[in-house]
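Below is one structure, written out as C-alpha cells; comments come after it.
2 protein chains.
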Amino acid sequence: MEKIKPRTLSGFMELLPARQAQMERIMQTLRDTYALYGFTPLDTPLIESSEVLLAKGGGETEKQIYRFTKGDSDLSLRFDLTVPLAKYVALNYGQLTFPFRRFQIGKVYRGERAQRGRFREFYQADIDVIGDGALDIISEAEIPSIIYKTFTALGLTRFKIRINNRKVLGGFFEILGLSEQAGDVMRTIDKLEKIGADKVREILTTDFAVPAATADELLAFLATPGGTEGILDALEGYRGRNERFDQGADELRTVAGYMTAFGVPADHFEIDLTIARGLDYYTGTVYETAMVDHPEIGSICSGGRYDNLAEYYTDKKLPGVGISIGLTRLFYVLGEQGYLNDGMNTAPADVLILPMTDDLAPAISLATALRGEGVRTQLYGENKKFKAKVGYADKLGIPYVIFLGEDEIAQNIVAVKDMATGEQTKDRFEDAVARIKAGLAERAQGAVILDTKN
Amino acid sequence: MEKIKPRTLSGFMELLPARQAQMERIMQTLRDTYALYGFTPLDTPLIESSEVLLAKGGGETEKQIYRFTKGDSDLSLRFDLTVPLAKYVALNYGQLTFPFRRFQIGKVYRGERAQRGRFREFYQADIDVIGDGALDIISEAEIPSIIYKTFTALGLTRFKIRINNRKVLGGFFEILGLSEQAGDVMRTIDKLEKIGADKVREILTTDFAVPAATADELLAFLATPGGTEGILDALEGYRGRNERFDQGADELRTVAGYMTAFGVPADHFEIDLTIARGLDYYTGTVYETAMVDHPEIGSICSGGRYDNLAEYYTDKKLPGVGISIGLTRLFYVLGEQGYLNDGMNTAPADVLILPMTDDLAPAISLATALRGEGVRTQLYGENKKFKAKVGYADKLGIPYVIFLGEDEIAQNIVAVKDMATGEQTKDRFEDAVARIKAGLAERAQGAVILDTKN
Chain F
1 MEKIKPRTLS GFMELLPARQ AQMERIMQTL RDTYALYGFT PLDTPLIESS EVLLAKGGGE
61 TEKQIYRFTK GDSDLSLRFD LTVPLAKYVA LNYGQLTFPF RRFQIGKVYR GERAQRGRFR
121 EFYQADIDVI GDGALDIISE AEIPSIIYKT FTALGLTRFK IRINNRKVLG GFFEILGLSE
181 QAGDVMRTID KLEKIGADKV REILTTDFAV PAATADELLA FLATPGGTEG ILDALEGYRG
241 RNERFDQGAD ELRTVAGYMT AFGVPADHFE IDLTIARGLD YYTGTVYETA MVDHPEIGSI
301 CSGGRYDNLA EYYTDKKLPG VGISIGLTRL FYVLGEQGYL NDGMNTAPAD VLILPMTDDL
361 APAISLATAL RGEGVRTQLY GENKKFKAKV GYADKLGIPY VIFLGEDEIA QNIVAVKDMA
421 TGEQTKDRFE DAVARIKAGL AERAQGAVIL DTKN
Chain P
1001 MEKIKPRTLS GFMELLPARQ AQMERIMQTL RDTYALYGFT PLDTPLIESS EVLLAKGGGE
1061 TEKQIYRFTK GDSDLSLRFD LTVPLAKYVA LNYGQLTFPF RRFQIGKVYR GERAQRGRFR
1121 EFYQADIDVI GDGALDIISE AEIPSIIYKT FTALGLTRFK IRINNRKVLG GFFEILGLSE
1181 QAGDVMRTID KLEKIGADKV REILTTDFAV PAATADELLA FLATPGGTEG ILDALEGYRG
1241 RNERFDQGAD ELRTVAGYMT AFGVPADHFE IDLTIARGLD YYTGTVYETA MVDHPEIGSI
1301 CSGGRYDNLA EYYTDKKLPG VGISIGLTRL FYVLGEQGYL NDGMNTAPAD VLILPMTDDL
1361 APAISLATAL RGEGVRTQLY GENKKFKAKV GYADKLGIPY VIFLGEDEIA QNIVAVKDMA
1421 TGEQTKDRFE DAVARIKAGL AERAQGAVIL DTKN
C-alpha cells in the first residue's frame, strides 16, 4: 500500500508524552486556582456562525480568521474566548447570576504567518467577571491576587504584576489637550518598552502633531518615579484638573491599597503608568505580568476592565474585568528558556508490575488492588526479555517496578524496586503501598515550573 | 448600534454553568480513572492536513467532514481521535515507548444532519494501547476492567459490558462457508438487536445469498444460551474445524477468565456472540457497554482489538486495542433520562463572603485565608440590598455565606450560615474552616450520575 507521509501542520503544537504531562499539570493548576477564586468553568463551541463571531468586524484579526462554509452556513473558528463569552452572556442573560464569574481554557485559531514560537492553534486561559449594569472596583482589585496565586502555584517566583488605569491615562491626555489623538497616543506609548522614549517622542511629535513640550511632559509623567506610593502621591499633584483623571487615581489607590489583604507581596506588584494595553476596549484598571529575568518575552498574563462586554449583541450594559494567559506560547517559551521541571514525574504510571509467572491472575489482582489504593499502575504483559521489561519502566521514568514471582505469591509479599535508588525491598502489600505512596508524595513536591533564578 | 442576534449553532452543545460543572466532573473522573490504569494524556490538533486525515479515504464519514482551505492548505477538522492517534504514533514512532498507552478527551466534528441528540461537535473520550509488532492478550482482558471502573466511578451501577471476538465470528463464517460474504454478514448481524432475528435472516438469505439452513445455523449459534460458561463450553463443540475460530475461542476464554482478578463482577460482564462492531478494522476482542434500563440508547462505550493502527502512514505493524466513549451524546442522554445528580455541588464557590463594613480589607483578608485553606471563595462587593446579596448565594447554590461586620471583626470571629439548613454559627476562623470543610466533604459524597434504579 502506498503510504501518506504523516505530519502535523506547522503552527500547531503537538507534544510528546512527557511534555504533555507537564502541560496537563499546568492546565490542572489553572483550573484549581481559578476555582479557588469562585470562577465557574465554561466550554463554548470552537465553531460559530461568522455573522455572530465577526459582529464587531474589521481589523487585523479578521484576515487571520479560519472561515469556511459548510452547506449553507458561513462558519468561523473562534479567534479568542472573549467574543464567545459575550455571545454566551447575551444569549443566556436571563439564566445567569451576576456578577458572573467564569473561566475558560480552550483552543483558539489565528492564521498568522508561521514562525518559530508563533502558533495558529493555541490555548487561551481566560477569567472574567461580568457585572449586570455595574461592577464594583473590588473585582478589579482582586485580579492581581489571582495572577499572583496562579503563577506562584505553577512554581514561578520571579515575576511582577504591573497595573495602570486607563482613566488616568485618558484623563492626562485631556489635561494635555490630546483628546483628539488619544487613541493614537495610547497605542504609541504602548510601544514604550519596546522602542524607547526617544522613538516614542519622535512618533508623537511627527505623526500625531503633539507639541514637543507636551510630548516631554507626557514622557516625564509616564516615568514618574517613587514606586507605588510615589506614583500615587504624584498623581495627587494633578487632582482637580480632570474628573476622569481623578477617578482613575482613586481607583489606582483603591486597587493598590487592597494588595496586602489580597496576599500579593509588595515586590510582585507595581503601578506602571506606561501600561496602556492598546485595545480601545479597556476603560479602567489594566494589567500586565512580566517575567523579571525575561522582559523580552513580554506580558505573560494581561487584561483589564471594560465597560461593555456584549454591545454588539445586546443593549444591556455588561461591564467586566478579565485577564488572559496565552498558554501555548507561554508553555513554548518556558520550555525554550529551561523553566520546565524535567524532574517532575511525567511517567504514565507510578508502578509497573512485571509478572514472573505464566498465570497472570496474581499479578492482575495486585494491579487491581494498587489501583484501588489510587496508585497509577501498569501491568507489563508483553513477551520480552527481562532486560527489555525493566528497560520499559526505565525509558518512561516509572518510579517503581514490582516483580511478582512464585516465591512472592507463595509468601504473600511484593518485591518493589525503587528505580531512582535501585533499592529493592520485600514487603507485605499494605506496607509496600504505604512506602510507594510516601515516595510519590515526596516526588510530587516540585512544581511544574522551576524558577532556578530564585 | 444595530445588534446581531446572539446564537449558538445547532448541533453544538453549550451548557449553562451548573450543567457544565457536571460535565467537568465527568471529564475529571475520566482523566483520573484512565491515569489509574497507566494511560498518558495526549492532545492533538483539531485541524489536520486533509491529505493526512483522509488518507484512508472514502466512506460515509468523508461527506461529513468539515473541510476547507486556508491559503494554499487543504485542511480538515478531525472526525475522530483514532486517525490523529495513528498519525501521531507513525510520526513519533522513534520517540515513543511501546506498548504505548494513551488517553485523549477531545472534540471531534461531523456535519451530520441536525436532529435532537445528534451533535456536530462532540467530545470523544478514547483510550488505546498500541503495541510495536505484537500486543499480548492481557491488554484485551484489561479493557473491561477499565470500562467497569470508569462507569462505577461516575456513579452508574446498572450497566453491562458485552464482549465477543471477531476471530470467533470470522472463523464461524468460514465453517459455514460464508467467507466471501463475511463483511456483509458481519454488518448484518451487527443490526440484530435493532431489527431482530427474522429480519436478519431475511437480509442474509435475500441480499447475500446465504442458504436458509446456514442462516438458521448462524442465528442459532449467535443465540447460544448458558451465559459466559455455557457459551465458552458451546464453542468447544466446534474445536478443530477452523484455526481462527479456535484461536478466538481461546482468547475469549482467557479474557473471561481474568475478569475476577481484574475486579469486574460477574453480573457486569457477559459474552455476547452477536456483538460484531461493523468496522472491518477490528480483529480480536470487541466490546460494547449497555445501560441495563436503557438498551435503546445503544452502546455507551465500545471498541476492540485491531491489528494495524497506522497502515496508511507506515509499514510498521502496530496492533492495538481501544475503546471510546461518545461523551457529548452520553451526557445529553443522561440529562434527558434524569441520571444527572442535581444534588451535586455545582456552585462556582463553596463560600460567599458578604462584607458588612465600608473598609473591605478584613473581608479580603478572610477570603485570602479561606482560599489559602483550599476553600473556593467568592467575595461579594456589589452595592446591593442585603436581600439581593443573600439571593445571589441562593441562586447559585453556594453552600455557605459568611457575614463579616464590625462585631465579628472586633471579636475576631466569623459568622457562617449554612444555606441548606439555615443554621448560623459564630466561630473562630480555624473552627469555621474545619466545619465548612467537613460539610463540603459530606456534600461531595455523591457521584455525578445518580443511578436511582439500583
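If you're matching them up, the sequences are chains F and P in order.
If you count the first sequence from 1, position 318 lands on 318 in my numbering, and the numbers rise without skipping.
If you count the second sequence from 1, position 215 lands on 1215 in my numbering, and the numbers rise without skipping.
Note that beta-carbon positions come from the ideal geometry of N, C-alpha and C, so glycine has one too.
Treat the numbers as computed from the prediction; the structure is a model and nothing was measured.
Residue i, enclosing alpha helix (DSSP H) - first and last residue
| i | result |
| --- | --- |
| P:M1356 | Premise fails: P:M1356 is in no alpha helix (DSSP H) and is neither H nor E. |
| P:I1143 | I1137 to L1154 |
| P:Q1247 | E1243 to G1257 |
| F:E408 | E406 to Q411 |
| P:V1414 | Counting along the chain, P:V1414 falls outside any alpha helix (DSSP H), though it belongs to the beta strand (DSSP E) covering V1414 to D1418. |
| F:F331 | L327 to E336 |
| F:L370 | A361 to G372 |
| P:L1232 | G1227 to E1236 |
| F:I189 | A182 to I189 |
Proximity to residue i [Cα-Cα], best of the options
| i | options | result |
| --- | --- | --- |
| F:A182 | F:N345, F:D451 and F:L169 | F:L169 |
| F:Y458 | F:F269, F:A266, F:F173 and F:E296 | An answer regarding residue 458 of chain F cannot be provided, because it is not within the stretch 1 to 454 covered by chain F. |
| P:E1051 | F:L46, F:L96 and F:K5 | F:K5 |
| F:S139 | F:G422, F:D407 and F:V321 | F:V321 |
| F:R67 | P:Q1064, P:D1315, P:K1063 and P:L1077 | P:L1077 |
| F:A18 | P:F1100, P:V1375, P:D1072 and P:A1090 | P:F1100 |
Under the three-state DSSP convention, the category residue i falls into
| i | result |
| --- | --- |
| P:G1170 | helix |
| P:M1291 | strand |
| F:K387 | helix |
| F:G57 | coil |
| F:Q22 | helix |
| F:A438 | helix |
| F:K316 | coil |
| F:N454 | Residue placement at F:N454 is poorly supported in this model, since its pLDDT is 45, which falls under 50; the coordinates are not used for a value here. |
| F:T425 | strand |
| P:E1430 | helix |
| F:V321 | strand |
| F:E311 | coil |
| F:I4 | coil |
Terminal residues of the beta strand (DSSP E) in which residue i lies
| i | result |
| --- | --- |
| F:R102 | F100 to Y109 |
| P:Y1123 | E1121 to I1130 |
| P:R1201 | Run containing P:R1201: none in the beta strand (DSSP E); it sits in the alpha helix (DSSP H), A1197 to D1207. |
| P:F1221 | Note, P:F1221: premise wrong, no beta strand (DSSP E); alpha helix (DSSP H) at A1212 to L1222. |
| P:Y1306 | S1302 to Y1306 |
| F:D74 | S73 to L77 |
| F:T44 | Neither: F:T44 is in no beta strand (DSSP E) and is coded neither H nor E. |
| P:L1085 | Premise fails: P:L1085 lies in the alpha helix (DSSP H), T1082 to L1091, not in any beta strand (DSSP E). |
| F:I161 | F159 to N165 |
Within 8 Å, strictly: CB atoms of residue i and residue j
| i | j | result |
| --- | --- | --- |
| P:G1240 | P:S1145 | no |
| P:A1347 | P:L1396 | yes |
| F:Y148 | F:H268 | yes |
Distance, residue j Cα to residue i Cα
| i | j | result |
| --- | --- | --- |
| P:L1222 | P:I1271 | 11 Å |
| P:I1130 | P:T1033 | 19 Å |
| P:Y1313 | P:D1080 | 17 Å |
| F:M13 | F:F119 | 7 Å |
| F:A215 | F:I175 | 13 Å |
| P:E1112 | P:L1334 | 21 Å |
| P:E1243 | P:D1132 | 24 Å |
| F:A125 | P:G1446 | 29 Å |
| F:L192 | F:A290 | 15 Å |
| F:N165 | P:A1369 | 28 Å |
| F:T188 | F:F208 | 10 Å |
| P:Q1022 | F:E423 | 44 Å |
| P:I1300 | F:C301 | 40 Å |
| P:N1454 | F:A393 | With a pLDDT of 45 at P:N1454, under the threshold of 50, the modelled position of this residue cannot be trusted, and the question is left open. |
| P:A1212 | P:R1031 | 49 Å |
| P:A1220 | P:D1250 | 21 Å |
Closer than 7 Å: residue i CB and nearest the ligand ZN heavy atom
| i | result |
| --- | --- |
| F:K426 | With respect to the ligand ZN, the structure offers nothing, as it holds no ligand at all. |
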